[in-house]
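I have placed the structure first, in the form of structure tokens, so that the comments after it can refer back to it.
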Amino acid sequence: MSGPVASSDVLNELRAALAPHGVFLRGTVSFADGEPAPVLTNGQAARTIVLMGNIGGSIWPAFERWRKGLPDRGGDNPLDLWSKTVITPVARQLGATAYFPSDPPFQPFQQWAMRAEGLKASPLGILIHPDYGLWHGYRGALGFDRHLVADTSVSQSHPCDHCLDKPCLSTCPANAILAAGFQVMPCRTHLKSLVGQAGCMQTGCIARNACPAGSTYRYSAQQLRFHMDALGL
Ligand code: SF4
Ligand code: SF4
Numbered sequence: 005m006s007g008p009v010a011s012s013d014v015l016n017e018l019r020a021a022l023a024p025h026g027v028f029l030r031g032t033v034s035f036a037d038g039e040p041a042p043v044l045t046n047g048q049a050a051r052t053i054v055l056m057g058n059i060g061g062s063i064w065p066a067f068e069r070w071r072k073g074l075p076d077r078g079g080d081n082p083l084d085l086w087s088k089t090v091i092t093p094v095a096r097q098l099g100a101t102a103y104f105p106s107d108p109p110f111q112p113f114q115q116w117a118m119r120a121e122g123l124k125a126s127p128l129g130i131l132i133h134p135d136y137g138l139w140h141g142y143r144g145a146l147g148f149d150r151h152l153v154a155d156t157s158v159s160q161s162h163p164c165d166h167c168l169d170k171p172c173l174s175t176c177p178a179n180a181i182l183a184a185g186f187q188v189m190p191c192r193t194h195l196k197s198l199v200g201q202a203g204c205m206q207t208g209c210i211a212r213n214a215c216p217a218g219s220t221y222r223y224s225a226q227q228l229r230f231h232m233d234a235l236g237l
């Protein structure tokens, strides 16, 4: 087995291909011999996965442009379809295997992100980033048959540890966010109510909006509304 090698050419090509779409290379995870790893299209275990995603609303302009050009505006799951439209050709170009959070067999994107970027979960269940707060996401990953190491940073700091007021715990109108974790049912029940339809469904999650971490990366009102509508409630 070969050890980690400088991989700037492949990763620079990847960055260049993703940049017009507002998608960023977020980090890499390398797998040791015998360690559980996703399967490549050639049947072998991947040596590395490269995580890709949005930082703040970075993907929104490209996504909206693409969507406006389609008669059905991208169908039932436009963001998943757009992610595949962007990432699949890049995978082909680089001889990699593409994985998507929406596709079975479901891959451990959250664990990969924790390893690649050193992130931890917030009380909302979403991974929180020291710079981008709760305003980021993962759109896909590419699997390679060799070790690649990105020069991205691995966080040593968890914003929630330094957040004294913890407004996410006190602002949810359904008390769905507890220190012990996010409670799905109270949230969904509230969102279906008249108050929820006029509140979170219009503005985005009130508790997420109250988080002070990475607030300059907060999604636009239009994007927040899109994500709430995507819940299909
Ligand atoms: S409000 Fe504070 S505790 Fe809650 S997610 Fe944001 S940083 Fe973490
Ligand atoms: S969407 Fe609204 S009800 Fe659900 S967790 Fe966020 S603030 Fe609470």
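5 is the number of the first residue of the sequence shown in the working numbering; add one for each residue after it.
Ideal Cβ positions, reconstructed from N, Cα and C, are used throughout, including at glycine.
Work out the CA separation of residue j and residue i for me, nearest whole Å.
i, j, result
"Gly78", "Ser126", "31 Å"
"Ala49", "Trp116", "15 Å"
"Val27", "Ile59", "8 Å"
"His194", "Val43", "40 Å"
"Gly185", "Arg19", "35 Å"
"Arg212", "Thr52", "32 Å"
"Ser6", "Gly38", "With a pLDDT of 45 at Ser6, under the threshold of 50, the modelled position of this residue cannot be trusted; read the value that follows with caution. Computed Cα separation, rounded: 14 Å."
"His162", "Pro108", "30 Å"
"Leu131", "Leu55", "14 Å"
"Ile63", "Ser11", "25 Å"
"Ala234", "Val94", "26 Å"
"Val9", "Ala154", "Only weak support exists for where Val9 lies, its pLDDT of 43 falling under 50; the coordinates are left without a value."
"Pro24", "Gly147", "21 Å"
"Pro190", "Leu182", "11 Å"
"Gly137", "Val90", "25 Å"
"Gln187", "Cys204", "16 Å"
"Phe67", "Asp80", "14 Å"
"Gln206", "Leu228", "8 Å"
"Leu128", "Leu237", "19 Å"
"Gln97", "Ala225", "35 Å"
Assuming residue i is part of the alpha helix (DSSP H), what are its boundary residues?
i, result
"Gly57", "Not the alpha helix (DSSP H): Gly57 falls in the beta strand (DSSP E), residues Thr52 to Ile59."
"Gly141", "Premise fails: Gly141 lies in the beta strand (DSSP E), His140 to Phe148, not in any alpha helix (DSSP H)."
"His231", "Ala225 to Asp233"
"Pro190", "Val188 to Lys196"
"Lys170", "Lys170 -> no alpha helix (DSSP H), and no H or E assigned at all."
"Asp13", "Ser12 to Leu22"
"Ala214", "Ile210 to Ala214"
"Ile2", "Because the chain here runs from 5 to 237, residue 2 falls outside it and cannot be looked at."
"Phe67", "Trp64 to Lys72"
"Gln206", "Cys204 to Thr207"
Is any heavy atom of ligand 2 found at a distance shorter than 7 Å from the C-beta of residue i?
i, result
"Ile63", "no"
"Gly200", "yes"
"Arg212", "yes"
"Pro177", "yes"
"Leu195", "yes"
"Cys167", "no"
"Cys209", "yes"
"Cys215", "no"
"Ile53", "no"
"Cys164", "no"
Measuring only from the beta carbon, is residue i closer than 7 Å to any heavy atom that is part of ligand 1?
i, result
"Ile132", "yes"
"Lys124", "no"
"Leu1", "As displayed, the chain neither begins before 5 nor continues past 237, which places residue 1 out of reach and without an answer."
"Ala20", "no"
"Ala117", "no"
"Leu128", "yes"
"Lys170", "yes"
What are the residues that DSSP puts in a beta bridge with residue i?
i, result
"Thr4", "Nothing can be reported for residue 4: it is not among the residues displayed for the chain, which extend from 5 to 237."
"Gly185", "Leu182"
"His133", "Gly137"
"Lys124", "Ile132"
"Ala49", "Val43"
"Val27", "According to DSSP, Val27 bridges with nothing at all."
Between which two residues does the beta strand (DSSP E) harbouring residue i extend?
i, result
"Ala102", "Thr101 to Tyr103"
Taking 8 Å as the CB-CB limit, is residue i close to chain B?
i, result
"Val14", "Among the chains in the structure shown there is no chain B, since it carries only a single protein chain."
Which residue from the options puts its Cα closest to that of residue i?
i, options, result
"Ser165", "Gly236, Ala66 and Pro216", "Note on residue identity: the sequence assigns Asp, not Ser, to residue 165. Checked all of Gly236, Ala66 and Pro216; the closest Cα to Asp165 is Pro216."
"Gly122", "Ser157, Gly137 and Arg150", "Ser157"
"Trp70", "Gly61, His151, Pro171 and Trp86", "Trp86"
"Thr45", "Thr32, Ala100 and Asp13", "Ala100"
"Leu173", "His133, Asp135, Ser159 and Ala214", "Ala214"
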